[in-house]
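Working notes, beginning with the structure itself.
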Amino acid sequence: MQAAAVAVRDEAASDDYGWVKANLRMKDGEPIVDLANCIRVFERHADFKGRFKFNEVLNKVLDKGTVMLDWRVSDTTATVQERFIPEVTTDMVLKALVVVANRAGS
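Numbering (the working numbering), first residue to last: 1 to 106.
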């Protein structure tokens, strides 16, 4: 990997860690792995804020109007694990998505 690509990746990771420290509940320097923190990621981070709505007819979460199929939930979980809460589970991410989407309305 080229040095410029590594520097960009390291800078992005540093920005994410700064965001985590400023927005998530922490214990011993690490984000607490719970539903509340997962909800905070989806409601507060610019990459997620306002993206999710709940469709009561389909009984599914929509991401920018697209149904969150299992693979989309898994992909979102991987993003949250990589950037914000390493130990978060797919089940917890799905629960957080449902809460956030319902809070946003349909």
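Glycine included, each C-beta is placed from N, C-alpha and C at the ideal position.
The Cβ neighbour count for L24, taken over all protein chains shown within 10 Å, is at least 16; the residue is labelled buried. Under the criterion of beta carbons closer than 8 Å, A101 and F54 qualify as touching, at roughly 4 Å. Within 10 angstroms of the beta-carbon of M92 lie 16 or more other beta-carbons, which makes it buried.
DSSP places F42 in the helix class (H, G or I) of the three-state scheme. Less than 7 Å divides the Cβ of M68 from the Cβ of V61.
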